[in-house]
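Enquirer: Residue numbers (this note's numbering), protein chains in the order written: chain A, 20 to 416; chain B, 8 to 360; chain C, 184 to 524. The beta-carbon is built from N, C-alpha and C at its ideal position, and this holds for glycine as well. I'd like to ask you about the structure that follows.
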């Protein structure tokens, strides 16, 4: 009797399991794709056109026909994204509705004239850039960027989600969305990926021309800087101590801040340190005796486009300079302590950060470089926004 | 048949009947709470649509739920709730089995350090074995090995007659601290991305549940729990002391080791997918014992259901209490568990034993 | 404890500890990410007392006086304070597993300090006493709660379990507090959860020093009473001394937590080790275990700074790695001993 009950329990449990298999992804129809292979072949297009011309009862609407012609000509489009396993992404029809988790991607989308395709944004974007991206403020939120609220995403019925490269594990994002929502992870990871990432995004959005424009902007300045830096020997490159949010948390060779520093012709004194985002011994900083100290300031700490009062940035720099430990260090004695807004060293605006860094590291090499003007150009030309904000301290005279 | 025996039998049947009634009521309560939890969420789906989406799967063609409702309910809410149910059942059953085996009211996967050990094993496997084939199974296997290791230590201590229940728990907590210190140590050797994953093992949540992981946990539950329930008579007899149990023909050592291994396996498989969620395995057996007494045949299944009710309830509250902020469910269960822990230590011992 | 050691040898033990501490302090002054020779270090130190005779580099002088010595002093003082507090807790609770950490006193104090920060009490000289008072107040809670519980004939293990329960409680309450605060404050408060010595400034060292200077002699004065209290053979009614002992030990722990965060297990390891070496006579036990605590924390901090230079590991992490095995050993000893009883 007892055993019978247990067998019954096991049976019932397994049947419930079997019945609860995956929900099939409801396939999103591509107009004109009659055999549902996600492509509009020549014969499919021809038959749609014929159906239209014959004025048969089920004739397609003209705009549908246009869409199928466009899909036939331009799709599918394939890229590899920046996720750790370099996932291959194929888009079968134009991207129309995008949910954006990463603020970098939001910025890139506006550069590529695609803001109107955004249907939802993460809290990080809403909290972080009310002045910089006012047009996104009224869009519905899709939760935090690292822990997105999948239900809210689904309600918006996006066809694409733009996420950070690594920050949110696939178990919490891809695995929960069904197949007709494409998750694209573009990190604009490191300066070297910048150009690639704009190419990819431009390709997917059919905004190649605009992408080329920003790539030219980026590449033009990058060429000037790397050309002049290339001639320097190691000894001519100043030694730089980079600091993050908290005191004595430095940036090791995996960080993008390190990359920016080396591109601008500096040597990061922490490039040999292994442990990620570790606290370092102040003594070590003194002994390394860096020629220049650069600390980045978070947007919430009072920097960037949203801020117009340099006071808090000034206060942070004062704190660094007045620390008792590094008072004898060359950088402090020469007043070569700089603060830079995190917005300039992260993602689409790398180049401006590199330019500032280059000016600080090699003022003689770059007398003609005007990072502020570059920033203004970037904002006006690629965002249609007037120049404003607090980006560096101390400001150059 | 003499009348006294009949009375006794009747009384026994009534007694049993009451316990079965309790289990039935709990099951209904669980379905109710799960039902409520299914209807709560940030996507505003009408109540009727949620249930239509569920029923539609079994009786197609009668209802027409929206695609969105089907998707949200089946791919997001149900996996999460079912993982809550499974994890609750598994942890609570493991907890009551451990309490029975060790005759220790404070025992549970968390307070004996077995959950932390499993978490460390999983973290280690993730950090070292990223590239291996069948990574998921490797993680579970490693978690299980470390959970077994902790169980061996605990059983070793339990062999001493001088080991008071509190002493054993102290040892368990020391094991817990040891393994969480080891897990923090891992942070200094892993790559940044992997380390982020590791931090997850320290604090439990149900965010990662999917049908695949549910299947794995479900298989472990379906294999282990009936076996444990089969051994519940033996556990009952062992409650009267090893000597008595031996004289009644129970192979005490065998039963103890087998049950402990099963409990460890349950714990490990759950910890792999939810992280360490504390105190469910401690609290639910006690609540159940207060209601229906210490007969393991009923205690095991009933406390499992209580655990499921508690965990699903705690998770639902954690997600909705200060929305849109989502608290980790581990913090919620600690809020229930820590006061209970105080109470258990401070009350006069052996009330329920 | 069946240790028969003559008073002279005990005094000798204390002095040798003192000697070790001085040697270790000197050694650890010369250790660090900056490469300074021992000779430079010595001349930097001596230059302060006998100017004009030595010519240390400015760099050496700065590193030694502004960075290493404060850190080392804080390590020694915190070690002494935690170890003495541990000794007193072990005696008053008659419990070899008791310590500021395992009784939940440290995490309670950390909660108190975090609360003060969250309530907006800035850490200036004027407000510091308020923060210290708050953390002491919260720290007294677990100590006296457990004491009342012990008086009702609870087993020592149960008392420690209550302590652990407090530890759980405050370690979930502190992050909860932080949910409602700004990011900057939250980061500040996380500091108290994982201990470190890198904040030591001369004023803070002064505060800790004077607290210890006030507390430890008081305890030494009452050392005879503590002998009676700790001895399980007597049923003493030394309520006043016990209460005072618990209060002072909690106060010391709270003050230290305010400046170093939670550094666990030093208050457990030092008294236990000392007791097995020189026995339970408090005249000798209190100073000896204090000094041993100082040696321990100093040594571990030196390790934390040098294992992967220039990265600094949190020292509380190293103390746990030593303390947890000892804790497990103590538990097994209790188990085995009650087996033979």
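1) Counting C-beta neighbours from all protein chains within 10 Å, is the total for residue 300/B 16 or more, i.e. buried, or is it exposed?
2) Is the Cβ-Cβ distance between residue 257/C and residue 350/C less than 8 Å?
3) Per DSSP, what kind of secondary structure is residue 274/B in: helix, strand or coil?
4) Between the region 214 to 230 of chain B and chain A, which residues of the former have a C-beta closer than 7 Å to a C-beta of the latter?
5) Given residue 477/C, which residues of its chain have a CB within under 6 Å of its CB, disregarding the five upstream and five downstream residues?
6) Quick one: is residue 414/A buried, meaning 16 or more other Cβ sit within 10 Å of its Cβ, or exposed?
7) Run through DSSP, which three-state label would residue 146/B get?
8) Would you mind working out which of 461/C, 472/C, 507/C sits nearest residue 190/C, comparing C-alpha positions?
9) Kindly indicate which three-state DSSP category residue 181/A falls into: helix, strand or coil?
10) Cβ closer than 9 Å: which chain B residues qualify as neighbours of residue 282/C?
11) Using the beta-carbon of each residue, which ones in chain B are nearer than 7 Å to residue 197/A?
12) Report the three-state DSSP secondary structure of residue 44/B (helix, strand or coil).
13) Where residue 277/B and residue 196/A are concerned, what is the direct C-alpha to C-alpha distance, given to the nearest angstrom?
14) Quick one: does residue 355/A have its CB under 8 Å from some CB of chain B?
15) For residue 5/B, which of helix, strand or coil comes out of DSSP?
16) Within 10 Å of its beta-carbon, does residue 184/A have 16 or more other beta-carbons around it, so buried, or fewer, so exposed?
17) What are the residues in the region 199 to 219 of chain C lying within 9 Å of chain A by C-beta distance?
18) Where does residue 274/C land, buried or exposed, given buried means 16+ other C-beta within 10 angstroms?
19) Kindly indicate which three-state DSSP category residue 22/B falls into: helix, strand or coil?
20) So, is residue 73/A buried or exposed, given that buried needs 16 or more other C-beta atoms within 10 angstroms?
21) Which whole-angstrom value is the C-beta distance of residue 179/A and residue 164/A, which I expect to be below 8 Å?
22) Touching or not, the region 144 to 158 of chain A and the region 212 to 222 of chain A, by the rule of three or more beta carbon pairs under 8 Å?
23) Express the C-alpha separation of residue 211/C and residue 485/C in angstroms, rounding to a whole number.
24) Identify the continuous alpha helix (DSSP H) that holds residue 107/A and give its terminal residues.
25) Spatial neighbours of residue 512/C within its chain, please: C-beta separation below 8 Å, excluding the five flanking residues on both sides.
26) In its own chain, which residues sit with a C-beta less than 6 Å from the C-beta of residue 303/B, not counting the 5 before and 5 after it?
27) In the DSSP assignment, find the unbroken beta strand (DSSP E) run with residue 261/A in it and report its ends.
28) One question on the structure: do residue 102/A and residue 51/A come within less than 8 Å of each other, judged by their Cβ atoms?
29) Could you tell me whether the Cβ of residue 6/A comes closer than 8 Å to any Cβ of chain C?
30) For the beta strand (DSSP E) containing residue 337/C, name the first residue and the last one.
31) Between the beta-carbon of residue 295/B and the beta-carbon of residue 321/B, is there less than 8 Å?
32) Give the secondary structure of residue 249/C by DSSP, where H, G and I count as helix, E and B as strand, and everything else as coil.
33) Go ahead and label residue 366/A buried or exposed: buried means 16 or more other beta carbons lie within 10 angstroms of its beta carbon, across all protein chains shown.
34) Buried or exposed for residue 46/A, please, with buried defined as at least 16 other CB atoms from any protein chain shown within 10 angstroms of its CB.
35) Tell me which residue opens and which closes the alpha helix (DSSP H) that residue 231/B is part of.
36) Among 357/A, 115/A, 181/A, whose alpha-carbon lies nearest the alpha-carbon of residue 127/A?
Expert: In short:
1) Looking at its Cβ environment, which holds fewer than 16 other Cβ atoms inside 10 Å, residue 300/B is exposed.
2) Not closer than 8 Å, so no.
3) DSSP places residue 274/B in helix when its eight states are reduced to three.
4) Within the region 214 to 230 of chain B, the residues whose Cβ lies closer than 7 Å to some Cβ of chain A are 214, 215, 217, 218, 222, 225, 229, listed in chain order.
5) So the list reads 204, 259, 262, 263, once near-sequence residues are dropped.
6) In summary, residue 414/A is exposed, with fewer than 16 beta-carbon neighbours lying within 10 Å of its beta-carbon over all protein chains present.
7) In this structure, residue 146/B counts as helix in the three-state DSSP scheme.
8) When only C-alpha atoms are compared, the closest one is 461/C.
9) The answer is strand: DSSP assigns residue 181/A an E or B state.
10) Close to residue 282/C, with beta-carbon spacing below 9 Å, lies no residue of chain B; the smallest spacing is near 13 Å.
11) Near residue 197/A (Cβ distances below 7 Å), the residues of chain B are 78, 82.
12) If DSSP states are grouped into helix, strand and coil, residue 44/B belongs with the helices.
13) Rounded to whole angstroms, residue 277/B to residue 196/A spans 23 Å at the Cα level.
14) Residue-level contact by beta carbon fails for residue 355/A and chain B, as no gap is shorter than 8 Å.
15) No information on residue 5/B is available, as it lies outside the stretch 8 to 360 that chain B covers here.
16) Residue 184/A is buried by the Cβ-count criterion.
17) Against chain A - using a Cβ distance shorter than 9 Å - the residues of the region 199 to 219 of chain C are 215, 216, 217, 218, 219.
18) Its Cβ being crowded by 16 or more others within 10 Å, residue 274/C is buried.
19) Residue state for residue 22/B is assigned as helix, using DSSP reduced to three classes.
20) By the 10 Å Cβ count, residue 73/A comes out exposed.
21) Wrong, their Cβ atoms sit about 16 Å apart, outside the cutoff.
22) Inter-segment contact for the region 144 to 158 of chain A and the region 212 to 222 of chain A is absent: fewer than three beta-carbon pairs are separated by less than 8 Å.
23) Approximately 6 Å between the Cα atoms of the pair.
24) Here residue 107/A belongs to no alpha helix (DSSP H); instead the beta strand (DSSP E) covers 107 to 110.
25) Nothing meets the Cβ criterion.
26) Counting only Cβ-Cβ distances below 6 Å, and skipping sequence neighbours, we find 107, 239, 242, 243.
27) Its beta strand (DSSP E) spans residues 258 to 262.
28) Annotated as distal: residue 102/A and residue 51/A, with beta-carbon spacing of 8 Å or more.
29) For chain A, the structure presents residues 20 to 416; residue 6/A sits outside this window and is missing.
30) First-last for residue 337/C: undefined, no H or E at that position.
31) Against a cut-off of 8 Å, the Cβ pair of residue 321/B and residue 295/B comes out as no contact.
32) Here DSSP, grouped into helix, strand and coil, assigns residue 249/C to helix.
33) Residue environment: residue 366/A is assigned as buried (16 or more neighbouring CB atoms within 10 Å of its CB, all protein chains considered).
34) Unreliable positioning characterises residue 46/A in this predicted model, as indicated by a pLDDT of 48, which lies under 50. A coordinate reading is not provided.
35) Where residue 231/B is concerned, the enclosing alpha helix (DSSP H) stretches over 218 to 237.
36) Nearest option by C-alpha distance: 181/A.
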